[in-house]
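**Q**
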Amino acid sequence: MPESSLSIWSLFLAACLSVTIVLGAFVAALVISQRRRIAMEREHSQRLLAAQEEERSRVARELHDDALQRLAVLRHEMEQIALLAGPEAVHRIQGVSGELEDLGTVLRTAAHHLHPSVVEKAGLVRALGALAEEFGRTAGLAVTLDLPQGDVKLAPAVGIAAYRIAQESLRNVVRHAGVKEAALGLRVADGSLTLTVSDAGKGFAPAAGRAGDGLGLIAMRQRAVTAGGHVSVGPRPGGGTLVSVTLPCGAAA
Amino acid sequence: MQFPAVATASALFQAVPLMAAAAARRPPRGAMAWIVTWCTLNFLETAAMFALALRNVHNLWVPYLFEPLEGATILWAFSCWQEGEVARLTMRLAIVPFVGVLVIVSRFLETTTFFSRAVGPLTSLVGLYAAASTLIAKSRVSTGDLLRQEWLWVGAGFAFYFAVHAMVGPLSALLVGDLPLFNLAYNLAAVLDVAAFLAIAWGVWCRKAA
Chain L
13 MPESSLSIWS LFLAACLSVT IVLGAFVAAL VISQRRRIAM EREHSQRLLA
63 AQEEERSRVA RELHDDALQR LAVLRHEMEQ IALLAGPEAV HRIQGVSGEL
113 EDLGTVLRTA AHHLHPSVVE KAGLVRALGA LAEEFGRTAG LAVTLDLPQG
163 DVKLAPAVGI AAYRIAQESL RNVVRHAGVK EAALGLRVAD GSLTLTVSDA
213 GKGFAPAAGR AGDGLGLIAM RQRAVTAGGH VSVGPRPGGG TLVSVTLPCG
263 AAA
Chain U
281 MQFPAVATAS ALFQAVPLMA AAAARRPPRG AMAWIVTWCT LNFLETAAMF
331 ALALRNVHNL WVPYLFEPLE GATILWAFSC WQEGEVARLT MRLAIVPFVG
381 VLVIVSRFLE TTTFFSRAVG PLTSLVGLYA AASTLIAKSR VSTGDLLRQE
431 WLWVGAGFAF YFAVHAMVGP LSALLVGDLP LFNLAYNLAA VLDVAAFLAI
481 AWGVWCRKAA
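Residue numbers (my numbering), protein chains in the order written: chain L, 13 to 265; chain U, 281 to 490.
This is how it looks when you write it as structure tokens:
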């Protein structure tokens, strides 16, 4: 090949190689940068959720250890006053005492909702059983349970995430499904847990639901992703809605 | 052996950025430290080529030794000036394939007894990309007086230098049979080099005022 052609071809080759190197590095940089951003967002969400749970736990403790104790003291004082009062006053004092008892129940329930300490104390399986009972008692929802025998070993954050997602899913059944029955299942296999909540109600259109996701669904997805898993919300075969969450069990505390 | 005066001047002017760095009496940091490293490597390369030429020893193999080092250094230097993570990562990630490709091309396509046809242009084109993209990216976010920005002078100097050097290797190979034209091309490149090194030196010196 003549020298002039060789020089031109070499220059062309150099140009092609330099463009290839820069473009290749650019694509790699884009991928790495996106992965870093996702990891940072996940870490940020984890911190946010942890801070939220911590704050809720603090408020729940305040309610339990301070407000509820004061209510108990007030009721005791009212009972003592009733011993010294006349019949009409006793009647009114009993009314006030009853109100205080109701207030105590409301505060206890609020404290429990703020921080489900039962997950940490009794484990996820028993906490889900208690949750189903609570929905039956307060919302008239009959929840069929399909839970493992005995407790499962989970990282505390995973247990809380699963419990919160189950809670939000059952709340959605009560609000939107228009049925009085639901099923709650939990399976643990190969280091990951799968939680399912299903109902035979009005159903759920995934596309429409995704476009207008409420805060509850967004929070469910965020909790699942933050715990390293994923959640799917869609139609149940045979009608109704099926929420399925898969989370890695993580290192048990 | 006699060297053309302009070539000698060009070689000497390569030391001006180093003198500016020394005169600034402040150790260069970040990108500027790498710029000074590049200037040192470039000056050593030229000094080695002059020394060999003075002894009438073949010296065209010297750039093949320095180009990968200089290319990697300049990519790292300009990466330090990038505002965005993607742009910074692009330059840093490009270093390994760039050096790898240089080694392969040097081994299989070039002959070290002749002017570089591909290695020189490749290094210059990659350096030109780094300098030009830095100028564009920094000028979009810069709020101060542009003429007092070190990156402007250094970036412009390098863009100029690499634009000339992308062509000088293949052009030398083309004109090797026509000595007057060959000398003219080299002298012109040497003059342009002087301008480029003055701009780089001013950029290095600018830090003192900043």
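Glycine is no exception: its CB is placed at the ideal position from the N, C-alpha and C atoms.
In this text the structure is predicted, and so the values were computed from the model without any measurement.
1) Over what stretch of residues does the alpha helix (DSSP H) that includes residue 350 of chain L continue unbroken?
2) Quick one: what's residue 201 of chain L bridged to in DSSP?
3) Could you give the C-beta distance for residue 481 of chain U and residue 436 of chain U, rounded to a whole number, given that I count them as a contact under 8 Å?
4) Is it the case that the Cβ atoms of residue 236 of chain L and residue 257 of chain L are separated by a distance below 9 Å?
5) Pick helix, strand or coil for residue 158 of chain L, following the three-state DSSP scheme.
6) From the beta carbon of residue 311 of chain U, is the nearest beta carbon of chain L less than 9 Å away?
7) In three-state DSSP terms, what is residue 422 of chain U?
8) I'd like the list of long-range same chain contacts for residue 455 of chain U, defined as Cβ closer than 8 Å, with 5 residues on each side in sequence excluded.
9) Of all Cβ atoms in chain U, is any one closer than 9 Å to the Cβ of residue 85 of chain L?
10) Using the C-alpha atoms, what's the distance from residue 326 of chain U back to residue 320 of chain U?
11) What residue range does the beta strand (DSSP E) around residue 238 of chain L cover?
12) Nearest-angstrom Cα distance between residue 126 of chain L and residue 31 of chain L?
13) Report the start-end ranges of each alpha helix (DSSP H) in the region 330 to 375 of chain U that is 4 residues or longer and not cut off at the edges.
14) Could you check if residue 253 of chain L is buried or exposed, using at least 16 other CB atoms within 10 Å of its CB as the buried criterion?
15) Return the first residue and the last residue of the beta strand (DSSP E) that residue 253 of chain L is part of.
16) With residue 247 of chain L as the anchor, note down where its beta strand (DSSP E) starts and where it stops.
17) Do the region 423 to 433 of chain U and the region 287 to 305 of chain U make contact, defined as three or more Cβ pairs closer than 8 Å?
18) Starting from residue 390 of chain U, follow the alpha helix (DSSP H) in both directions and report where the run begins and ends.
19) Tell whether a beta-carbon distance below 9 Å holds between residue 378 of chain U and residue 413 of chain U.
20) Out of U:283, U:449, U:345, state which residue places its alpha-carbon closest to the alpha-carbon of residue 322 of chain U.
21) Less than 9 Å between CB atoms is the rule here; does residue 44 of chain L satisfy it with respect to chain U?
22) Excluding the five sequence neighbours on either side, which residues of its own chain have a C-beta within less than 6 Å of the C-beta of residue 332 of chain U, listed in chain order?
23) Quick check: is the beta carbon of residue 367 of chain U nearer than 9 Å to any beta carbon in chain L?
24) Start and end of the alpha helix (DSSP H) containing residue 133 of chain L?
25) Would you verify that the beta carbon of residue 393 of chain U is, or is not, closer than 9 Å to some beta carbon of chain L?
26) Does DSSP put residue 484 of chain U in a helix, in a strand, or in coil?
27) What residues match up with residue 194 of chain L in a beta bridge as DSSP calls it?
28) With 7 Å as the limit, tell me which residues of the region 387 to 415 of chain U have their beta carbon closer than that to any beta carbon of chain L; keep them in chain order.
29) Since residue 87 of chain L is in the alpha helix (DSSP H), which residue starts that stretch and which ends it?
30) Roughly how many whole angstroms lie between the Cα atoms of residue 89 of chain L and residue 158 of chain L?
31) Mind listing the chain U neighbours of residue 40 of chain L? Cutoff is C-beta to C-beta under 7 Å, in chain order.
32) Nearest-angstrom Cα distance between residue 91 of chain L and residue 84 of chain L?
33) Could you work out which residues of chain U lie near residue 50 of chain L, taking near to mean beta carbons separated by less than 7 Å?
34) Does the region 181 to 188 of chain L come close enough to the region 147 to 154 of chain L that 3 or more CB-CB pairs lie under 8 Å?
35) Only counting the same chain, and skipping five residues up and downstream in sequence, which positions put a Cβ closer than 8 Å to that of residue 467 of chain U?
36) May I ask you to list the residues that DSSP assigns as paired with residue 211 of chain L?
**A** Taking the structure as given:
1) Outside the displayed range of chain L (13 to 265) lies residue 350 of chain L, so it cannot be described from this structure.
2) L:204
3) With a Cβ gap of about 12 Å, residue 481 of chain U and residue 436 of chain U do not count as contacting.
4) yes
5) strand
6) no
7) coil
8) 461, 462, 465
9) no
10) 10 Å
11) No beta strand (DSSP E) holds residue 238 of chain L; the alpha helix (DSSP H) holding it covers 227 to 238.
12) 57 Å
13) 342 to 359
14) buried
15) 253 to 260
16) 242 to 247
17) no
18) That residue, residue 390 of chain U, is in no alpha helix (DSSP H); it is neither H nor E in DSSP.
19) no
20) U:345
21) yes
22) 339
23) yes
24) 129 to 134
25) no
26) helix
27) L:155
28) 397, 398, 401, 402, 405, 406, 409
29) 80 to 96
30) 46 Å
31) 373
32) 11 Å
33) Those within 7 Å of residue 50 of chain L in chain U number zero; the least Cβ separation is about 13 Å.
34) yes
35) 284, 286, 287
36) L:253
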